[in-house]
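Below is one structure, written out as structure tokens; comments come after it.
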Amino acid sequence: MTKRALITGITGQDGAYLSKLLIGKGYSVFGFISRRVNQNFSNLDYLGITNKIEYVFGDMTDLASINHAIRVSRPNEIYNLAAMSFVGLSWQEPIYTSQVNSLGVLNLLESMKDITPTSKLYQASTSEMFGNSVEKNGTQNENTQMIPRSPYGFSKLFAHNAVRNYRESFGIFACSGILFNHESPIRGLEFVTRKITDGVGQIISGKKKFIELGNLEVRRDWGFAGDYVEAMWLMLQEKKPDDYVVATGKNWSIKELLSVAFKYAEIKDWEKYIKVNPLFLRPAELVTLKGDSSKAKRVLGWSPKTSFDDLIKLMVNEDIMRHSIK
Ligand code: NDP
Ligand code: GDP
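Going by our numbering, 137 is the number at position 127 of the sequence shown; the sequence numbering is gapless.
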């Protein structure tokens with residue numbers, strides 16, 4: 011029988027890659043989308059799947075619309091990717107961020123409990139929940155203390171705890187993937203990787219002279235979104251629901267990212283093209299994220315396939331091409 015999946019946040023980066031994966035596996039995919047004046051399907055268009063999805067309108071802050079989407083789609087699997095996902099903006103919109111990322115997840119759990127308790131749920135948790143906590147070896151795993159340092163981080167930690175609680179209290183098959191940063195040529199332009207690769211594309215095409223950034227010393231564990239959505243699916247194929255860290259186990263500073271990105275544009279002296287602007291500094295920062303995904307490897311058989319260099323090369327090449335034809 012054809013499996014049915016309901017994906018919230020389907021128009022985002024991960025929603026597009028996950029839809030592509032599930033369509034390839036023969037799933038019927040339903041996309042929960044907010045009603046916008048100009049709905050943006052560019053990520054789904056990029057992967058050539060916009061017309062292969064059935065859309066249900068709604069919003070994570072509206073329980074009635076979630077109930078309706080669940081009744082219409084009758085999903086075997088629900089992937090909750092919808093979120094206010096940009097950490098930087100979460101200090102300016104902390105209340106709406108929590109309404110979507112915390113109460114929105116509670117809406118979904120309540121809806122599942124009442125309407126479809128046998129559906130399986132994937133919740134998009136995040137390494138931001140750790141804050142600056144690290145194990146002695148400098149990594150974060152499923153048991154590392156979570157002390158978030160942004161409204162985004164604490165809103166996601168609420169959801170993470172709610173998911174575990176509904177699993178334990180009501181027996182709902184609900185997993186949280188604690189994903190570390192993952193990127194692609196369709197990553198939002200506000201995130202630092204894409205801001206840099208898009209900036210390189212603009213510099214090469216003569217549209218821009220420099221890129222303005224914030225803190226260049228922080229370190230992140232960056233992987234490829236296409237690899238990470240596979241881990242989401244694998245979690246829901248297990249016999250028991252659980253939480254998993256998904257990461258590469260390596261990290262790089264923004265300076266190292268810059269040097270690799272400019273290298274693929276054949277520019278050696280990247281420093282000439284960077285200006286630090288305090289506008290892009292954050293009220294509180296996470297110094298270093300490096301995930302230990304040995305549990306995902308052991309239980310799910312998952313490990314990342316795409317190297318950091320290949321990921322950045324792919325993004326730089328796409329952005330150079332986009333700007334050369336505009
Ligand atoms: P994006 O920002 O690309 O996509 C977010 C999606 O959520 C969009 O489709 C957006 O739709 C939708 N959305 C936002 N608010 C609402 C709402 N109120 N109701 C319904 N839909 C809404 O995020 P990513 O694809 O990068 O990330 C997917 C998930 O994984 C997110 O939950 C994110 O927080 C989490 N995550 C991401 C990481 C990463 O590195 N990418 C790392 C760890 C976790 P619209 O544009 O129409 O508003
Ligand atoms: P995050 O890890 O989810 O916050 O992903 P981002 O890509 O937004 O940011 C990663 C890191 O890059 C953070 O520590 C930011 O402070 C840092 N950074 C430095 N300059 C910038 C910038 O101009 N924009 C963004 N988004 N991040 C920046």
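Using N, Cα and C, we set each Cβ at its ideal position, and we do this for glycine too.
{"query": "In the DSSP assignment, the beta strand (DSSP E) including isoleucine 43 goes from what residue to what residue?", "result": "38 to 43"}
{"query": "Quick check on the DSSP output: the beta strand (DSSP E) that includes tyrosine 56 runs from which residue to which?", "result": "Premise fails: tyrosine 56 lies in the alpha helix (DSSP H), 52 to 56, not in any beta strand (DSSP E)."}
{"query": "I'd like the list of long-range same chain contacts for lysine 123, defined as Cβ closer than 6 Å, with 5 residues on each side in sequence excluded.", "result": "Phe180"}
{"query": "Let me know if asparagine 191 comes out buried or exposed under the rule of 16 or more other beta-carbons within 10 Å of its beta-carbon.", "result": "buried"}
{"query": "With DSSP as the reference, label valine 256 as helix, strand or coil.", "result": "strand"}
{"query": "For the ligand NDP, any of its heavy atoms closer than 6 Å to the Cβ of glycine 259?", "result": "no"}
{"query": "At a cut-off of 6 Å, would you count isoleucine 322 as near the ligand GDP, judging by its Cβ distance to the nearest heavy atom?", "result": "no"}
{"query": "I'd like to know if the stretch 67 to 74 and the stretch 31 to 41 are in contact, where contact means that at least 3 CB-CB pairs between them fall below 8 Å.", "result": "no"}
{"query": "If the criterion is Cβ atoms closer than 7 Å, does the pair isoleucine 196 and alanine 271 meet it?", "result": "no"}
{"query": "Assign lysine 130 to one of two classes, buried (16 or more other C-beta atoms within 10 Å of its C-beta) or exposed (fewer than that).", "result": "buried"}
{"query": "Is it the case that the CB of aspartate 24 approaches a heavy atom of the ligand NDP more closely than 6 Å?", "result": "yes"}
{"query": "Measuring straight from C-alpha to C-alpha, what distance separates asparagine 327 and aspartate 55?", "result": "19 Å"}
{"query": "Where does alanine 134 fall in DSSP's three states?", "result": "strand"}
{"query": "Across the stretch 108 to 120 and the stretch 168 to 178, are there enough close Cβ pairs to call them in contact, namely three or more that are closer than 8 Å?", "result": "yes"}
{"query": "Where does glutamate 87 land, buried or exposed, given buried means 16+ other C-beta within 10 angstroms?", "result": "buried"}
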